[in-house]
Every structure is written in C-alpha cells, then in structure tokens.
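Q: Chains as they are written, first to last, in the working numbering: chain P, 10 to 343; chain W, 69 to 478; chain H, 3 to 292. For every residue, glycine included, the Cβ atom is placed at its ideal position computed from N, Cα and C. Predicted, not measured: the structure shown is a model, and the values here were computed from it. First, the structure itself, so that you have it in front of you.
If you want it as structure tokens, here you go:
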C-alpha cells in the first residue's frame, strides 16, 4: 500500500532535479503569457499542497479553504494599505489570524466529533460566513472591493512585493518548493504516520493511544497557516480583493481540483494536478478557438467531461499510476 | 433570438473575420504602417455569472466595424477574450492577447477584472480603454496606459441627483422621503459609499428614511420590500441589477405598494429583459445612468445599426460604451499613424471626439486617463421603449411623474 | 415597525420554506439512503426549472400541473445517473464522490448556458402577480399554491415510504445495508430507484420554485448549499426533518432579514447549521447514529 520510506534519489530524484532546473530557467525563455500560466500552476500547486496536508494526509476533508486564502489576503492587504506594513511582515499577522481561525474551527469540530461530510459542510459554512461578513466589513472596502495601490514597475521591490511577473514567479516557485519540502518532512515525521493512521481508521488509531485530537488540530492549523501565505501572494499579485470572489465556494472547489485529480494524500499529486488542469484549461481554450467554437461555456463543458473521465477511471488520481508507469520510486502514499 | 442562432452567427463572423484578416496579412505587409488593421483585444465576461452582460456588450462590438468604416476610420481586427467572470482568467487572457500581438485592449465591464487587466496593460505598455467599470480606484493608480471612458460611481451619483432635481422642478412634484435600496455588490456598495459625500451638495427635497442592502444572489426579496414599505417612504431610490429589479417590481405589485417614483441609479429597470418580462408593469421607473444623447447624429446611426443586427433590442449602456471604446481606439490609430503602443497611448491621451454617442461635450481624457466630462441621463420606461427625460439638452420627452400606480394599469 | 409586517414576513418565510423543504427532501432521501454527497442537487433542480419553462412556452400549461411529468423526467434522469455513473462511487471516499458530482454540476450548468443563454427566464402565469388579503395579512398567491403543492408532494412521498413495499425495502437499505443484502434485496436497483425518487422530488420542487424565482443557468449551486444546510439541520434520514428544516430556515432568514440587514440574512442559516453540527449533529428530528 503505502511506502513511506525515503530512498536515496533514484530516477525520481534525478527527474525532480531536472524539473527544478527547468523551472528556475523558465523566465529566460518564456514570454509573459506563459509566465502567467506558470504562476497560476504554481499557485494552485501550492494551495493544493497546503490543502492536501489537512485533507489528504490527515484525511479531514475541507471544502472551505478559500476562507484561509481570504483571511491571509485581507489581513496583509489591510496592514499594507492602512498602516504601510510590508507584506513579509504582514504575512506574520496573516498566518497568525488564519492559524487561529483554523484552530477555532478545528476545536469546534473535533471536540464535538464532527467528521467526514459534516466537517466538509462545516468548513463551507465558515467560509460563507466570512464571505458575507467581509461583504459588510467597510474598513476593507466591503463588497465594493479593496484596492491596493499599484506602484510603477520600474524596478522590482521584493520587500513590498511590487514588480513584474518574473519576480512573482520566483516568489511562488520558492513558496511551492518550500511547501513540498515541508510536506515531505511532515510525511516522514511521526506526526505524518499518526495522520496516516487517523486517515485510515480513527477509532483504531485512538485505541493505539494516538492523541487524535491534537494530531488533527495540528493538521488544520498547519494547513490554514500555509494557505494564508497563498492569500498574501494573491493580494499583492492581483492588487484587488472582493469578498465575493476571494471567499466564494467556487474558489474552494477550484483549489481542491488539483490535489484530488493529481492524487490526494500524495506528495506530488497537487503539483501534477495543477499542471494537468491548468494545461487542460488553456489547451481546451486554444483547441476550441482553432475550431471556431465560440459558444461561451463550451470550454467548461469539456473541462467537466475531462474531470468526469479522470475521476471515474483513475480513483487514486493521476500521479500514483503515473509514478508506477514511469517506475519512479514511490516517495509517499501510492 | 435563440442561443444557438447567436452562437452560429458569431462563429460565422469569427471565421469570416479570420479569413478577411488572413487575406490582409497575406498581402505585402508594410511594417507597422497604417493600412494594417489595428489588433484590438476585446476582453469581456462572456461566460460565468456576468455572461448576460458580457454578451450584451459584445453586440456593441459586432455593429462597430461598419459604422467606423463610414466615419472614415481605419479598420481593426477584433481578438476575442472571454474573462469568464474571473480575475485570474482576465489577467491570463490579457497576457495571452498581448503575446498574440494585440496592440490595444478594450474591456472588461467588471471593476475587478478591469483592474487586473489594467495592471498587465500598464506593465506591458499596451493601451487599455475601459468600456464599463465604475470603481474610482482604477484611474487613481497613476497609470499612463489605462483610459476609462465611463463615469465613476461619484459622477453617476452627482448627475443622478442633479437630474432628479431638474425633473422635480419641471413636474412640480417631489417625494419628501425615500428609502434607499441597494444590491450589496461592487457597484451597489460603491454607490452607497458615495452617497454620503455626494448627496449633501445637492440639497435634495427628500430625506433618506432607511437604507436597505440586499444580497445580489437573493431569490426572494419579499422581506426587503416589506421593510421598505414599512418605512412609509414615498419613493424608492435604487441601485440594483436586472434580476433584482424584476423581483422587486413583482413584490411591489404583490405587496400592493406603488411608490410615487422609482429612482434607479444603476442597471436593471430599463433593460430589455425587464420590459419584456413585466409588460405593462414595466412602465414608469426612472433610471439615472450613463446613456446616449438621442439628439446626436452618431446615436441615431448606432441605434439603426443595432436595430438591423438585433431587432427588438433597445440601445443601452453596454452597447454604447463598448462601441465608444472601439471608437476611441480607431480614432487614436488614425491620428497616431502607427500601431506602436506608446504612440497609440499618446494619441488616446489627446483624444477629442465630439461626434460621439454618449452625453456630454465628447470624449476627452484628463491626466488620470478618466473622461471626467461625461454626463449621465435620466431615462424612463414608456410603452416598452425608453425615452430620455433629463438633462434637458439631451432629452427627447417629458417625464411622467408621479408613476401610475401598479393596480391602476390595465 | 407595525406588527403585521412581522406576520406577513413570517408567513412568507414559512411558505417559501415549504418549497425549500421539498427540495431538501430529495437530498435527504439520496443522502440518507444512498449516502452519496450529491453536489449536483441544485443543478438538477435547475434542469427541472428549465423544463417547466420550455413546456410552459410550448403548451401554456401551469408548472404545478406539469409537476408530475417533470418529476417523472427527473426520476429517469436520477435513476440513470445513479445506475450509470455514480454506482461505482458509493464505496469510494467522499472527496471522489464530491469531485464526480462537481464535474457533473459543471457540465449541467454550462450546457444550460449554451442551450438557454445567460438571461433569466421565468414563467408568467395568470396569477403571477396576485396576492390574497386576509385581514392585515397580504399573502403572495404563488407562494400559497407552491407551498400547498409542496405539502401534497411531500405527503405522497411519505406515504410511499410507509406503505409501498419498495418504500420499506429502501428504508431497510438505509437502516442496515448488510442486513438488506442478507435478506436478498437488490440493493443496486433500490439505490438507483432512490436516487430517482430524490431527483423526482427535486423536479417537483423545481416546478414549484419556477413560479417564485427566475432561472439562470448558474442558479444551482446556492440551492445545493441550501439543501445541505436544511438536511443537516432537519436531520439526516428524517423526511419530516427535511420539511421542518426547510420551514425553519425559510422562517429564520425572513425574520433575520427584517430585523437586521437583509444582505446578511444568509449568515443566520449558516449560524444555525454550525450550531446544529456542534450540538445536535443528528439534526432536529434525526436519529442518533450508532
């Protein structure tokens, strides 16, 4: 079933290093459009991975993760606009708020034994709460939107996250790499094993003496904290925030498509999923343009059909069978 | 017109357009010279939540080429971008169009999406002409390549109050109190935020008895209307969208409340769908919105072209401002003499089009890229059509105030 | 505010709640028996609503009259979906079920967009603008008819599950899956039947709702969410619970809108949901799960 042990880089490691080099060099050859796509891919890979920690590794399904993205975004943006606090410092506050929120939700849920679908719906409820709440929160613009002042692009200011796409690309690349490393470390740690046990059979895990409450809380808090960093990035990349868009359930769903399609609970699932889905979306658009199908909505129909096919034929996601086919050493759950 | 019919029409045009463009490009090319059609990237939400509006704006794009040709303006080739009502997609589409060679961008109806596209445009140095987006911050960023030929929320509010006063004086009636209802979305909230600052300047004859905001996705507005009715206000001051306008009117009828006037400062109450759905019950509401000047020459031409292409569709804000954005683009291209983005942007900055459609002295941009000379109209639904009742200089009918009560209509 | 406003709003909320309850009933049946997280629930209702509109445009028949045929069509759709698509997913983890139905929902919404366009459609019956004046009360006529129809449809469903043999068989499956298998029930077929019944419920609810609300292709998701809130509040596996939940949510939202800002009234539904999930997870009328 799952092979947790980390082997010395075999074919997999080489492939990974190769990929890393390609990604680092990408801005040199890619035009800005391709770069924007890569940023999107990495963004979804990052948030997918953060979500994966709670819902994949620990098996606590969350359908309201947009809540943490939004909290991170708004906290950092508000501090920047109202107090001139740089995003890297605002990030600390953003993470703190999101982690506290996650802890709150986790506490409520796990103390009262809410699990499975009920937990998922609870997370939706909180995200919706936040959406409606922020719609009325005048200090950050309410539903009229919160706009960050956009400076000129003469130079890259990494400290204030103002700059051209290349700068944002490297930032999100670094974040995604960090998320992967963290996930890898978590999987190999004792906590990771406890999560696996809880995911497979919580009763048995508890019987073995594992403090399931603390483990699950850890999962939620870590996941929330990581996700909020994506929110900070989002705020400074797009420079405008609307509660309807940031906290909306469609965002939560969008976020989880990549890890589920890629392979929930695996290390590379979210990345593979992000690449596939973003590539699919763009590819479909191109193909439909070429064939002259101009009906709005047709791209989403094909997209839905593709999702349907993948979900039906590949119940574990794309990555596990792909890894097996390429005979890469499985580094995590298969 | 059925969905598939429109889709086929668009596909045919797209292929025809592509063929035409291809043949033009195949001809011996003059490097970046005049003569090559201007590549205009049009970004609109044609799917997703704002699909209806995006597709309506598209109609303005469809009828533009022949009219601009008659005005002796250079041709342009439209590059279509669907923002899918999403900020991410808007941004990546903008990048894609630019990398595919778009020399100017036009769009995108929504403030959030327009803002994202504006950043890309500014960064790449490609001019971006905003057709419709009312959030003030977009032109407060110090952009050099972003232009907006559309009023900001405070401008719409100011003209709304001025026009209302004009109408009250002309008819000799005015409500003593109003209830302000607004949809809790980007535009509605921007308007609500602006009222506090704008209204006191006008010394309006009425007081706002209560402010009621409602959810844009609300399917049932009976509570909201009940609340409004309970305030005892004489008239309704509104900012809504299309679906809520229809729902609200139905509730007004069912709850047996006919306000003396519906003073709307946004979309919905004048739209085709509203008139078609409610029939006789659609008459009466006054809308204070960015509009066209029915007395201007180009307005009549535009109206005729739209009637020919889409019979039964009334000319409205979406068509007018999308058309004018293309007008700006073509006019700038002619004056710049080249498709170099910087030259285009400089040309746009010098724009002074007096032969246009919207109300006001014409299309000019201030140093922030905003056309601050735009004026808004007061229009009224009458017998299934729309008449312009204010400002006097741009009107073609007298106002009907107070509104005929709903239960007195046959 | 005068007292009759509260009364008006309360009655209005109650009647609308009945229709919501019928919609949620469909989900309660599906979720309670087949245990599938039907995230395409609202979208199925949207199909029913468009069907009502098309039939009305073609034959001028009142949606309440068309309720039965529309429910029938949705039954067939639901049966086919379960038997053909969803069946292998019953034992798969929730996130996969969720993904499947999200994909289905996406396909439905966008196909409807392509077929019908984005403009809102509605059914304009002769009584669309009527209201009854009962003393100080002004009650919306369409709400009364829709609410009444909801009660009739729900009663029919209750009767089915109490009396009909198939109904009891389905309840047996829900109560004890293995036991049902042991006594030789064809569980797969019963599941398909149940999904079909749930879909039929949603179809009936849709033909009522089309009188109250205008349809757009993107209407589905908010109703899916609402259905889940109602089902959980009322109690999984409890049919009267679904109706009660619907009425409670309809009523609360209406009053909350009156007392506070209407734009925040959905928060109350979610607040109720959170409270129920924490303190009475089996719902108001549900049985405690062993």
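#1: Could you tell me the distance, in whole angstroms, from the CA atom of residue 17/H to the CA atom of residue 6/H?
#2: Tell me whether residue 210/W counts as near the ligand ATP, meaning its Cβ is closer than 6 Å to at least one heavy atom of that ligand.
#3: With the cut-off set at 7 Å, would you say residue 237/H and residue 286/H are in Cβ contact?
#4: Quick one: what's got a C-beta closer than 7 Å to residue 339/W's C-beta in the same chain, skipping five residues either side?
#5: How would you write the range of the beta strand (DSSP E) that residue 259/W sits in, first residue to last?
#6: Kindly list, in the order they appear in chain H, the residues whose Cβ is closer than 9 Å to that of residue 120/W.
#7: Suppose the cutoff is 7 Å on Cβ atoms and the five residues either side in sequence are ignored; what does the same chain contact list for residue 227/W look like?
#8: Give me the residue from 114/H, 230/H and 66/H with the minimum Cα distance to residue 49/H.
#9: Of all the residues that make up the region 127–159 of chain W, which are near chain H by a beta-carbon distance shorter than 7 Å?
#10: Residue 18/H CB to nearest chain W CB: under 7 Å?
#11: Starting from the beta carbon of residue 235/H, find every residue of chain P whose beta carbon is closer than 9 Å, and list them in chain order.
#12: Would residue 120/H and residue 119/W be called neighbours here (beta carbons separated by less than 7 Å)?
#13: Run through DSSP, which three-state label would residue 271/H get?
#14: Between which residues of its own chain and residue 82/P is the CB-CB distance below 7 Å, once the five residues before and five after are set aside?
#15: Less than 7 Å between CB atoms is the rule here; does residue 260/H satisfy it with respect to chain W?
#16: Alpha carbon to alpha carbon, how far is residue 369/W from residue 135/W?
#17: Hey, which unbroken runs of the beta strand (DSSP E) at 3 residues or more fall wholly within the region 109–181 of chain W?
#18: In chain order, what residues of the same chain have a beta carbon less than 6 Å from the beta carbon of residue 51/H, not counting five sequence neighbours either side?
#19: Using the Cα positions of residue 196/H and residue 87/P, report the straight-line distance between them to the nearest angstrom.
#20: State the Cα-Cα distance for the pair residue 333/P and residue 327/P, rounded to the nearest angstrom.
#21: Excluding the 5 residues preceding and the 5 following residue 326/W in the sequence, name in chain order all residues of the same chain whose CB lies nearer than 6 Å to its CB.
#22: What residues in its chain sit with their C-beta under 6 Å from that of residue 142/H, if we drop five residues either side in the sequence?
#23: Between which two residues does the alpha helix (DSSP H) containing residue 426/W stretch?
#24: Exposed or buried, what is residue 97/P when buried is set at 16 or more other beta-carbons lying within 10 Å of its beta-carbon?
#25: Report yes or no: do the region 273–286 of chain P and the region 314–326 of chain P share at least 3 C-beta pairs separated by less than 8 Å?
#26: Nearest-angstrom Cα distance between residue 188/P and residue 103/P?
#27: Name the residue from 258/H, 205/H and 279/H whose alpha carbon lies nearest to the alpha carbon of residue 230/H.
#28: Run down chain H in chain order and give the residues with a C-beta less than 9 Å from the C-beta of residue 296/P.
#29: Starting from residue 448/W, follow the alpha helix (DSSP H) in both directions and report where the run begins and ends.
#30: Who are the near neighbours of residue 313/W in its chain, counting only those whose CB is closer than 7 Å to its CB and skipping five residues on each side?
#31: Name the one or two DSSP bridge partners that residue 305/W has.
#32: What runs of the alpha helix (DSSP H), each 4 residues or longer, lie entirely inside the region 4–69 of chain H?
#33: Under the three-state reduction of DSSP, which class applies to residue 435/W: helix, strand or coil?
#34: If the criterion is Cβ atoms closer than 7 Å, does the pair residue 200/W and residue 218/W meet it?
#35: Using the beta-carbon of each residue, which ones in chain P are nearer than 9 Å to residue 163/W?
#36: With 7 Å as the threshold, decide whether the Cβ of residue 64/H is near any Cβ in chain W.
A: Once the coordinates are examined:
#1: Position 15 of the third chain, counted from the start, is the residue given in the question as residue 17/H. Position 4 of the third chain, counted from the start, is the residue given in the question as residue 6/H. Rounded to whole angstroms, residue 17/H to residue 6/H spans 16 Å at the Cα level.
#2: What this structure holds is no ligand at all, so the ligand ATP is not there to describe.
#3: Taking the first residue of the third chain as 1, we reach residue 237/H at position 235. Taking the first residue of the third chain as 1, we reach residue 286/H at position 284. Contact: yes.
#4: The residue given as residue 339/W occupies position 271 in the second chain. Only residues of its own chain outside the window of five on either side were considered, and among them 310 and 384 have a CB closer than 7 Å to the CB of residue 339/W, listed in chain order.
#5: Residue 259/W sits at position 191 when you count from the first residue of the second chain. Counting along the chain, residue 259/W falls outside any beta strand (DSSP E), though it belongs to the alpha helix (DSSP H) covering 254–266.
#6: The sequence position of residue 120/W within the second chain is 52, counting from 1. The contacting residues are 119, 120, 121, 122 and 218.
#7: Start at 1 with the first residue of the second chain, and residue 227/W comes out as number 159. 356, 443 and 444.
#8: Counting from 1 along the third chain, the entry for residue 49/H is found at position 47. Measuring from the Cα of residue 49/H, the nearest candidate turns out to be 114/H.
#9: none
#10: Within the third chain, numbered from 1, the residue matching residue 18/H stands at position 16. Cβ-Cβ to chain W under 7 Å: yes for residue 18/H.
#11: Taking the first residue of the third chain as position 1, residue 235/H is located at position 233. Those within 9 Å of residue 235/H in chain P number zero; the least Cβ separation is about 11 Å.
#12: Position 118 of the third chain, counted from the start, is the residue given in the question as residue 120/H. Position 51 of the second chain, counted from the start, is the residue given in the question as residue 119/W. Yes, these two residues count as a Cβ contact at 7 Å.
#13: On the third chain, position 269 is the one that residue 271/H refers to. Three-state result, residue 271/H: helix.
#14: Start at 1 with the first residue of the first chain, and residue 82/P comes out as number 73. Cβ within range, chain order: 240, 241, 243, 244, 250 and 255.
#15: Counted from its first residue, the third chain places residue 260/H at position 258. It does; some Cβ of chain W falls within 7 Å.
#16: The residue labelled residue 369/W in the question sits at position 301 within the second chain. The residue labelled residue 135/W in the question sits at position 67 within the second chain. Distance between the alpha carbons of residue 369/W and residue 135/W is about 8 Å.
#17: Runs of the beta strand (DSSP E) lying entirely within the region 109–181 of chain W, each at least 3 residues long, are 144–150 and 172–175 in chain order.
#18: On the third chain, residue 51/H is found 49 positions in, with the first residue counted as 1. Within the same chain, residue 51/H has close Cβ partners 208, 212 and 217.
#19: In the third chain, residue 196/H corresponds to position 194, counting from 1. In the first chain, residue 87/P corresponds to position 78, counting from 1. For residue 196/H and residue 87/P, the distance between alpha carbons rounds to 50 Å.
#20: Taking the first chain and counting its residues from 1, one reaches residue 333/P at position 324. Taking the first chain and counting its residues from 1, one reaches residue 327/P at position 318. Rounded to the nearest angstrom, the two C-alpha atoms are 10 Å apart.
#21: Taking the first residue of the second chain as 1, we reach residue 326/W at position 258. The answer, listed in chain order, is 473 and 474.
#22: Sequence index remark: in the third chain, residue 142/H carries index 140 (1-based). Only 133 meet the Cβ criterion.
#23: The residue given as residue 426/W occupies position 358 in the second chain. Segment: none, residue 426/W is in no alpha helix (DSSP H) and carries neither H nor E.
#24: Counting from 1 along the first chain, the entry for residue 97/P is found at position 88. Exposed: under 16 other Cβ atoms inside 10 Å.
#25: yes
#26: For the purposes of this step, residue 188/P is taken as the residue at position 179 of the first chain. For the purposes of this step, residue 103/P is taken as the residue at position 94 of the first chain. Cα to Cα, the separation comes out at about 17 Å.
#27: Start at 1 with the first residue of the third chain, and residue 230/H comes out as number 228. Checked all of 258/H, 205/H and 279/H; the closest Cα to residue 230/H is 279/H.
#28: Within the first chain, the letter at position 287 stands for residue 296/P. What residue 296/P touches in chain H: nothing, since even the nearest Cβ is about 16 Å away.
#29: Residue 448/W sits at position 380 when you count from the first residue of the second chain. Residue 448/W -> not in any alpha helix (DSSP H); beta strand (DSSP E) instead, spanning 444–450.
#30: Taking the first residue of the second chain as position 1, residue 313/W is located at position 245. Contacts found: 336, 337 and 342.
#31: By one-based count along the second chain, residue 305/W stands at place 237. Paired residues: 248/W and 331/W.
#32: 5–31 and 43–61, all fully within the region 4–69 of chain H.
#33: Indexing the second chain from 1 puts residue 435/W at position 367. Coil.
#34: Counted from its first residue, the second chain places residue 200/W at position 132. Counted from its first residue, the second chain places residue 218/W at position 150. For residue 200/W and residue 218/W, yes; Cβs fall inside 7 Å.
#35: As a position in the second chain, residue 163/W is number 95, starting the count at 1. What residue 163/W touches in chain P, judged by beta-carbon distance under 9 Å, is 40, 41, 42, 43, 44, 45, 46 and 174, going in chain order.
#36: Working through the third chain from its first residue, we reach residue 64/H at position 62. By this cut-off, residue 64/H is not an interface position.
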